[in-house]
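Numbering (this note's numbering), first residue to last: 48 to 333. Note that beta-carbon positions come from the ideal geometry of N, C-alpha and C, so glycine has one too. A quick note: this is a predicted structure, and the numbers were derived from the prediction, not measured. Inspection log for the structure reproduced underneath, given as structure tokens.
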């Protein structure tokens, strides 16, 4: 998993790149008609319902653009919101507020949608030992925002990228010449490089589960695209030898059934790749 320093660095990169992309050599609409010395106030308004996320991200955007902007947070990250709620007020230079507007809204609308969907999935798992995980199926350039939103919604983060966990999937196994060969080569690689990375291996059927179990050092087995009965059999075979994770087109109708098979985790790409942005707006207060 990434360090706090890595997380902070990634968020800073996302914000700086978003402002660069949006503002360019200046917000000429604001520069043209709003005096530099003007002062004003705006509110961030909810026009939808769900779980709000990105409040702390918004604070960072405002501070990045203009440290003199005053932000008054009314509703914190992870809270339920409904139409008409005011999440925060921001006060100071209207030029600065408007420079932030689209970057704040784009991030918060996306993050809130992800947090809302994650909360819904997490609620469906209540009473089981299973936790919901995200995946790498994220929007290029803003992965850290989306994974942050999953955490706000009550989920857990899978690996952040190719660098913080070994995950031997079907293609790795096939290119390497089989499960055992892939695991053996991985252990050699970790020993040679001195890297301390957990090893996860995907199984496509129960025969592959059995072969994985013949190898030591596997942290988690990905039970991919199994039906309920085979998932139960896989969980029983694995026992407490390592952790288990189900994946593969799992949705709101099926997630509880997979959890009841006894897996530790369920990963779902839909948390980040199939959401509709929450409707939010930033409105000037006259």
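Counting Cβ pairs, one atom from each stretch, are 3 or more of them under 8 Å apart for the region 124-131 and the region 288-295?
-> no
Identify whether residue 244 lies in helix, strand or coil by the three-state DSSP scheme.
-> coil
With DSSP run on the structure shown, which of helix, strand or coil describes residue 157?
-> Of the three classes helix, strand and coil, the one that applies to residue 157 here is helix, per DSSP.
So residue 130 and residue 93 are in contact, right, with Cβ under 8 Å, and what is the actual spacing, rounded?
-> The Cβ separation is near 6 Å, so the contact holds.
When the distance is taken between beta carbons, is residue 157 closer than 8 Å to residue 203?
-> no
Would you kindly work out how many angstroms separate the C-alpha atoms of residue 58 and residue 143, rounded to a whole number?
-> 20 Å
Which of helix, strand or coil DSSP assigns to residue 250 | Three-state DSSP puts residue 250 in a strand.
Check the DSSP bridge columns for residue 312 and list the partner residues they point to.
-> 178, 292
Within the region 118-152, ranges of the beta strand (DSSP E) (whole runs, at least 3 residues) | 133-139
Where residue 84 and residue 206 are concerned, what is the direct C-alpha to C-alpha distance, given to the nearest angstrom?
-> 46 Å
Between the Cα of residue 76 and the Cα atoms of 136, 146, 91, which residue gives the shortest distance?
-> 146
For residue 189, I'd like the list of residues in its chain whose CB is within less than 6 Å of its CB, leaving aside the five on either flank, ordered along the chain.
-> 61
Which class does residue 209 belong to by DSSP, given the choice of helix, strand or coil?
-> coil
Helix, strand or coil for residue 189, going by three-state DSSP, please let me know.
-> When DSSP states are grouped into helix, strand and coil, residue 189 belongs to the coil group.
Verify whether the separation of the beta carbon atoms of residue 316 and residue 163 is less than 8 Å.
-> Cβ distance not < 8 Å, so residue 316 and residue 163 don't count as in contact.
Would residue 101 count as contacting chain D if we go by Cβ distances under 8 Å?
-> The structure shown has no chain D; it contains just one protein chain.
Residue 92: first and last residue of the uninterrupted alpha helix (DSSP H) it sits in | Where residue 92 is concerned, there is no enclosing alpha helix (DSSP H), although the beta strand (DSSP E) it sits in stretches over 87-93.
Closest to residue 86 by CA distance: which of 111, 54, 48, 137 is it?
-> 137
What whole-angstrom Cβ distance do residue 292 and residue 270 have, given they're in contact under 8 Å?
-> With a Cβ gap of about 7 Å, residue 292 and residue 270 count as contacting.
Bridge partners - residue 225, DSSP secondary structure assignment = Answer is none; residue 225 lacks a bridge partner.
Would you mind sorting residue 141 into buried or exposed? The rule is 16 or more other CB atoms within 10 Å of its CB.
-> buried
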